[in-house]
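**Student:**
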Amino acid sequence: AHELGHAINNNSKGFIKGLAKSRNFVALLAPVFLFTSIVKKKKPEGEKPKNIWDRFTTFIKNNCGKLMFLSMVPVIAEEGLASVNAHKLGKTVLKPDMLKKMNKLNFKAWMSYVIGATVMSACGALAVWVKDRVTQPELAVKKTV
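Everything in the sequence shown is counted per the numbering used here, starting at 24 for the first residue and increasing by one.
1. Starting from the N-terminal side, write out each stretch of the alpha helix (DSSP H) that is 4 residues or longer and does not extend beyond the region 70 to 110.
2. List the endpoints of the continuous alpha helix (DSSP H) containing proline 54.
3. Within 10 angstroms of its Cβ, does leucine 128 collect 16 or more other Cβ (buried), or is it exposed?
4. Just mark glycine 37 as buried or exposed, buried being the case when its beta carbon has 16 or more other beta carbons within 10 Å.
5. Taking buried to mean at least 16 other C-beta atoms within 10 Å of its own C-beta, is alanine 153 buried or exposed?
6. Taking all protein chains shown into account, decide if phenylalanine 92 is buried (16 or more other Cβ within 10 angstroms of its Cβ) or exposed.
7. If you compare alpha carbons, which of Ser144, His29, Ala148 is closest to valine 96?
8. CB-CB under 8 Å to glycine 147, same chain, minus the five flanking residues each way: which ones, in chain order?
9. Please list, in chain order, all residues of the same chain as serine 194 whose beta carbon is under 7 Å from its beta carbon, the five residues on each side excluded.
10. Using a Cβ-Cβ cutoff of less than 8 Å, which residues in the same chain neighbour isoleucine 83 once the five nearest sequence positions on both sides are dropped?
11. Can you check which of these residues, Gly113, Phe79, Asn47, Lys66, is closest to glycine 28 by C-alpha distance?
12. For a quick check, are the C-beta atoms of leucine 117 and isoleucine 39 less than 8 Å apart?
13. Can the beta-carbon of arginine 109 be found closer than 8 Å to that of methionine 121?
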């Protein structure tokens, strides 16, 4: 029923169809954000970005974890909508106890996406933090002193 919910989303019109289509490529932004954040050098305190590109990449570096989570929001939303559609379909053909079991399973599956996105974004932020401390120890020392 959940997979039928995905089919309903994919064949809908407007925002829901856009959400179903976008989940395939928006989630690919997470590794781009992480790569940009790891390649970009941390600026010393007080130094301003030089141009638009530098400002853009500095923003990505400073908000890597948040951006990684945001890139997963369309996936989380579309999975939830597929489960809602599955519930609507199940209500018409399943007994109440079976519907309750299906909803419980779908909720657990949906939570795996939420937890996965949270862990991924936390690990991305941690990776950037560790990289900055390892490659630029002089900045880490100045901040702690």
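Cβ atoms here follow ideal geometry from the backbone N, Cα and C, with glycine treated the same way. Please read all numbers here as calculations on a predicted model, not as lab measurements.
**Tutor:** Answer, in terms of the structure:
1. 75 to 85
2. 52 to 62
3. exposed
4. exposed
5. With the sequence shown as reference, residue 153 is identified as valine, and alanine is not the correct amino acid for it. Its Cβ having fewer than 16 others within 10 Å, valine 153 is exposed.
6. buried
7. Ser144
8. Ala53, Phe56, Leu57, Ser60, Cys87, Gly88, Met91
9. Any question about residue 194 goes unanswered here, given that the chain covers just 24 to 168.
10. Phe56, Thr59, Ser60, Lys63, Leu90
11. Gly113
12. no
13. It should be pointed out that residue 109 corresponds to alanine in this sequence rather than to arginine. No; because the gap between Cβ atoms is not below 8 Å, this pair is not in contact.
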